[in-house]
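Residue 651 is where the sequence shown ends in the numbering used here, and the numbering goes up by one at each step.
No residue lacks a Cβ here, since even glycine has one placed at the ideal position from N, Cα and C.
Report on the structure given below.
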Amino acid sequence: MSALAKARTYWRLGPANLARAALYRALLRAGHYRRRMPLGEPLRGPFFVFPEDSEAPHRPAITDAAAWTAKAQRVLGGELPVFSNGWREAGFPPRWQRSLITQVDEPSRALHWSMLPDFALAGGDVKGYWESSRFDGLLILALGWLCSGRIDLREGIARWLEDWCAQNPANTGLQWKCGQETGLRLMHTLLAADLLARWGGVKPAPALTDFVCQHAERIAPTMLYAVAQDNNHGTSEAAALYVAGLFLARHGDTAAGRRYAALGRRWLEERVGRLVMPDGSFSQHSTNYHRLMLDTCALAETARREHGEPAFSAAAVERLAAATRWLAAWTDPQSGDAPNLGANDGARLFVLDGSAYRDFRPSVRWAARLFLDTAPDAADERLAWLGLDQDARGEAGPRTHATQLLADGGYARLGTSGAWALLRLPRFRFRPSHADALHLDLWIDGANRLRDGGSFSYNAEDHWLRYFGGTASHNTVQFDGRDQMPRLSRFLFGDWLVAEELTLDEASTTVSAAYRDSQGARHRRRVRLEPGRCVVVDEVAGLRDKAVLRWRIAPDPGGWCCADGVWSDARLRIAVRSSAPLARFECVEGWESRHYDEKTPLPVLEVEIGADATLTTEITWPA
């Protein structure tokens, strides 16, 4: 990749963002943050004042008390849910310096956070160390106590906070390195405190106020770096500062609280205005990070209402309403699942119900209740815990069009009876997350039959990073064994693609788009969706050696048959025709990641050509 092309890519990241990142790193090297945020002393409890034992806690009527009590018992027994995908041994209190992925301890626990590396850790992926300190477990303990009133769970809440503070004094060690991780821990703690107060009459003690102060003091000075990323870090940290400020204004230092609330509010409104596009798309091109962004904004709005603060700006609310409709558009109404687009770190915040990680409906209902003023379309435990399940004025749930173009973010949705499809358009206002231009997702009767590979792990070996983020893990055409865009670093592609010939015909449920990459290869795709049938026409030109069309198919325990230009299983038939001879037509083993740090095999139909051609794929199923 030429120096000029690299310069163009970095320019598109934004001169202001480059300056912010450079300033942050200069201050880091100069020791500014060590002086600004010195190592602190461990906080000592109590953190909460519980009512007399005779005063039993309450809970929403729809809550499954036994389920929450059982989950809390698992936490007391030394297990934690990890990346929202199963439980792993963690100890109780958790071993805060041990990776939940590799079970390796990090020896640099006594250093200032600014002196620690980003990736070169004893136990590999830093996310393994951060997971327990996001405080999902604390929230589970709080919900378990509210559902049971058990003394051991109340004592478990105290032990969790006391041990964490003893092992992680302010600004010391890995748990303070990332402003966003600090913010997520803070928001989970404040949500637990709110629920304990709302349903159990529990009051915060001075140590909790000190805990909140320390976290806000860590986040605020490095907001410039969070903002420079143009991603969910900025929205998460701003929301955390805002809710922390509201808490402190009521329970602690009023002046500091007002200052943090004002700073958080200013940055949250600015970030939403910049990163959420008019059609509701979010900057990161990721369904899971879109959910994370929307959930943190929903928590900020819930806290604003609770504290009787002035409404957020009309412009910010309008963008968040659009973001709610965007997520609703991609949430399958039958399964609650959504396309596995873009980066996915396993984050799922503020879990107040028993739904699965890949069920996006609770987040849609919460955001719709706040930003669209709609009544929930079903009983929702999260809304009940938060006191938001009543008094909605609007219709039930956000309404979405079956077929629509969301061009700002680069998406087209086609819908027909029993099926819908997503076409990922080569359009990037912000840096691409994956090399997934013209990827097609197909959903039939609630099942994701043609699907995206996901992202696996941010700290994986190089070939896995390239595979999951690359063109080969998507339902599109790959030219000459390379990605559609060259990779400049772990999280950055260069030579961003530009969409050509973008059209959507709602009457015929047809969408088409094209791109030409930096090496002259051109791909034009037209997709038409009908009841029981999807036709995809790919015009491929400019290849040097070969081009490979891939269809990544949901695993079928009944097996599949692949021969004579036709792939079929019990639920799907895929037939491919080509204007040029096929060099190869076969099913191979591919990989997908539905959860962070997990990969599983799936069948991939690969169609290879050695010359420019038009490929026509007809996908049929019982209508």
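Return the chain-ordered list of same chain residues with a C-beta closer than 6 Å to the C-beta of residue i, the five sequence neighbours on each side being excluded.
{"i": "Leu224", "result": "Ala170, Val230"}
{"i": "Asn173", "result": "Here residue 173 turns out to be Trp, not Asn, going by the sequence shown. Around Trp173: Leu181, Arg182."}
{"i": "Arg605", "result": "Thr644"}
{"i": "Ser341", "result": "Glu297"}
{"i": "Asp238", "result": "Leu71"}
{"i": "Gly280", "result": "Thr237"}
{"i": "Ala371", "result": "Ser314, Ser461, Ser483"}
{"i": "Leu167", "result": "His216, Ala220"}
{"i": "His261", "result": "Gln208, Ala254"}
{"i": "Thr37", "result": "Gly522"}
In whole angstroms, what separates the C-alpha of residue i from that of residue j?
{"i": "Arg552", "j": "Trp579", "result": "16 Å"}
{"i": "Glu337", "j": "Leu276", "result": "14 Å"}
{"i": "Val505", "j": "Asp573", "result": "13 Å"}
{"i": "Ala375", "j": "His313", "result": "15 Å"}
{"i": "Pro122", "j": "Ser363", "result": "34 Å"}
{"i": "Val594", "j": "Glu646", "result": "9 Å"}
{"i": "Ala349", "j": "Leu400", "result": "6 Å"}
{"i": "Asn487", "j": "Glu334", "result": "39 Å"}
{"i": "Ala186", "j": "Arg62", "result": "30 Å"}
{"i": "Ala98", "j": "Ala407", "result": "22 Å"}
{"i": "Asp191", "j": "Asp222", "result": "21 Å"}
{"i": "Ala100", "j": "Ala118", "result": "14 Å"}
{"i": "Arg48", "j": "Ala651", "result": "54 Å"}
{"i": "Ala366", "j": "Asp473", "result": "13 Å"}
{"i": "Thr130", "j": "His243", "result": "27 Å"}
{"i": "Ser311", "j": "Leu219", "result": "26 Å"}
{"i": "Leu104", "j": "Gly177", "result": "15 Å"}
{"i": "Phe519", "j": "Asp146", "result": "13 Å"}
{"i": "Ala33", "j": "Ser445", "result": "45 Å"}
{"i": "Arg331", "j": "Glu159", "result": "Reading off the sequence shown, one finds Ala at residue 331, where the question assumed Arg. The alpha-carbon atoms of Ala331 and Glu159 are separated by roughly 24 Å."}
{"i": "Ala266", "j": "Arg137", "result": "27 Å"}
{"i": "Leu470", "j": "Asp480", "result": "10 Å"}
{"i": "Gly211", "j": "Ala268", "result": "5 Å"}
{"i": "Arg455", "j": "Leu369", "result": "14 Å"}
In this structure, what does DSSP give as the bridge partners for residue i?
{"i": "Asp469", "result": "Leu450"}
{"i": "Ser596", "result": "Cys589, Arg601"}
{"i": "Ile647", "result": "Cys562, Ile602"}
{"i": "Asp133", "result": "Arg126"}
{"i": "Ala540", "result": "For the sequence presented, residue 540 should be read as Ser rather than Ala. Note: Ser540 sits in a beta bridge opposite Thr531, Arg554."}
{"i": "Leu108", "result": "Arg116"}
{"i": "Ser517", "result": "Leu520"}
{"i": "Val230", "result": "Paired residues: none, contrary to the question."}
{"i": "Thr200", "result": "His140"}
{"i": "Arg580", "result": "Val632"}
{"i": "Ala641", "result": "Val568"}
{"i": "Ala575", "result": "Phe507, Ile637"}
{"i": "Phe310", "result": "Val304"}
{"i": "Val77", "result": "Lys231"}
So residue i is in the alpha helix (DSSP H); what residue range does that whole segment cover?
{"i": "Asp180", "result": "179-195"}
{"i": "Glu329", "result": "315-335"}
{"i": "Leu380", "result": "From DSSP, Leu380 is part of no alpha helix (DSSP H); its letter is neither H nor E."}
{"i": "Glu298", "result": "282-303"}
{"i": "Gly165", "result": "164-176"}
{"i": "Arg36", "result": "31-41"}
{"i": "Thr352", "result": "342-358"}
Compute the beta-carbon to beta-carbon distance between residue i and residue j, rounded to the nearest angstrom, for a pair I have assumed lies under 8 Å.
{"i": "Trp124", "j": "Gln203", "result": "6 Å"}
{"i": "Gly152", "j": "Glu134", "result": "About 10 Å; that fails the 8 Å criterion."}
{"i": "Gly498", "j": "Asp508", "result": "No, Gly498 and Asp508 are not in contact; Cβ-Cβ is about 13 Å, not under 8 Å."}
{"i": "Asp323", "j": "Leu274", "result": "Actually they are not in contact, since the Cβ atoms of Asp323 and Leu274 sit about 17 Å apart, beyond 8 Å."}
{"i": "Glu329", "j": "Met65", "result": "Wrong, their Cβ atoms sit about 29 Å apart, outside the cutoff."}
{"i": "Thr431", "j": "Glu529", "result": "Actually they do not touch by this definition, with Cβ atoms about 18 Å apart."}
{"i": "Val555", "j": "Ala449", "result": "6 Å"}
Which stretch, first to last residue, makes up the beta strand (DSSP E) that contains residue i?
{"i": "Thr615", "result": "Note that residue 615 is Cys in the sequence shown, not Thr. Element bounds for Cys615: 610-620."}
{"i": "Pro85", "result": "Where Pro85 is concerned, there is no enclosing beta strand (DSSP E), given that its DSSP letter is neither H nor E."}
{"i": "Arg457", "result": "That residue, Arg457, is in no beta strand (DSSP E); it is neither H nor E in DSSP."}
{"i": "Arg441", "result": "439-444"}
{"i": "Thr628", "result": "628-637"}
{"i": "Ala475", "result": "475-478"}
{"i": "Leu433", "result": "432-434"}
{"i": "Phe275", "result": "Careful: Phe275 lies outside any beta strand (DSSP E), inside the alpha helix (DSSP H) at 260-279."}
{"i": "Val505", "result": "505-507"}
Can you name, in chain order, every residue of its own chain whose Cβ lies under 8 Å from the Cβ of residue i, other than the five neighbours on each side?
{"i": "Asp381", "result": "Pro390, Asp408, Glu409, Arg410"}
Looking only at its chain, what residues have a beta carbon closer than 7 Å to the beta carbon of residue i, apart from the 5 residues adjacent to it on each side?
{"i": "Leu532", "result": "Leu433, Ala440, Val539"}
{"i": "Arg397", "result": "Pro404, Leu411, Leu416, Ala420"}
Give a yes or no on whether 8 Å exceeds the smallest Cβ distance from residue i to chain C.
{"i": "Tyr61", "result": "Within the model displayed, chain C is absent; a lone protein chain is all it includes."}
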